[in-house]
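Protein chains: 2
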Amino acid sequence: MKNRLKILRAERDWTQADLADKLEVSRQTINAIEKGKYDPSLPLAFKVARLFEMPIEAIFEDETAVVAG
Amino acid sequence: MKNRLKILRAERDWTQADLADKLEVSRQTINAIEKGKYDPSLPLAFKVARLFEMPIEAIFEDETAVVAG
DNA sequence: TACGAAAGTCAAGCTTACTTTACTTAAAGT
DNA sequence: ACTTTAAGTAAAGTAAGCTTGACTTTCGTA
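These protein sequence lines map, in sequence, to chains A and B.
Residue 50 in this note's numbering sits at position 50 of the first sequence, and the numbers go up by one each step.
Each number in this note's numbering corresponds to the 1-based position in the second sequence with 100 added.
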């Protein structure tokens, strides 16, 4: 799962620690998500979306294969 | 986190097992999510959204408090 | 009233998300 | 050179998401 956190952060001139504070998670969590080590939980993704005032899909991009109907 | 899975399922006349198959998760996982026992992971939420062809926010509703800027 | 299908639930186990603590690296200023 | 600030990384622990297997409950229908 790719994400635009680093870019959105840069646009606002926020550090990873700034973002972590606003989202109430650890700085390492932000770093890990930015570096693609793991995906955020759905609640955290919602929090991110609300903070940046855009839909989840505008921040996180899914890459998994499409399910056969 | 509330969700509309049960309703979306009913509209399509799918059982929990049907939905589980399409999403490639266990039937118990669908049941747990519908009953609010836990939230899906972000990748699973994306898969659900893609299956129902609607944004994540149209299926899952966040309830957590807004972060102080 | 017995049957079958769907839903609900529980326990044990594994993986992933997230924490704290701590150390290292990189960039920038003084 | 030294310091400071931000980013990167790692280990160990806890919590949350998900699995399998098995059992119970609910409900429509034969």
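Every residue gets a Cβ at the ideal spot worked out from N, C-alpha and C, and that includes glycine.
Contacts around residue i, its chain only, beta-carbon distance under 7 Å, and the 5 residues preceding and following it disregarded
{"i": "F52 (chain A)", "result": "L8, I59"}
{"i": "Y138 (chain B)", "result": "A132"}
{"i": "R104 (chain B)", "result": "I159"}
{"i": "S126 (chain B)", "result": "A120"}
Length of the line joining the Cα atoms of residue i and residue j
{"i": "E11 (chain A)", "j": "D113 (chain B)", "result": "45 Å"}
{"i": "E57 (chain A)", "j": "A49 (chain A)", "result": "9 Å"}
{"i": "L87 (chain A)", "j": "T164 (chain B)", "result": "Residue 87 (chain A) is absent from the model: chain A starts at 1 and stops at 69."}
{"i": "T15 (chain A)", "j": "E134 (chain B)", "result": "37 Å"}
{"i": "M54 (chain A)", "j": "S41 (chain A)", "result": "17 Å"}
{"i": "A17 (chain A)", "j": "F46 (chain A)", "result": "19 Å"}
{"i": "T129 (chain B)", "j": "K106 (chain B)", "result": "13 Å"}
Proximity winner among the options, relative to residue i (alpha-carbon distances)
{"i": "P43 (chain A)", "options": "B:D118, B:E161, B:E124, B:L123", "result": "B:E161"}
{"i": "M101 (chain B)", "options": "B:F146, B:K147, B:G136", "result": "B:G136"}
beta-carbon residue i near the ligand ZN non-hydrogen atom, thresh 6 Å
{"i": "T115 (chain B)", "result": "Only the bare structure without any ligand can be found here, which leaves the ligand ZN out of the picture."}
Start-end ranges of the alpha helix (DSSP H) lying completely within the stretch 107 to 158 of chain B, minimum 4 residues: Within the stretch 107 to 158 of chain B, the complete alpha helix (DSSP H) runs of at least 4 residues are 116 to 123, 127 to 134, 142 to 152.
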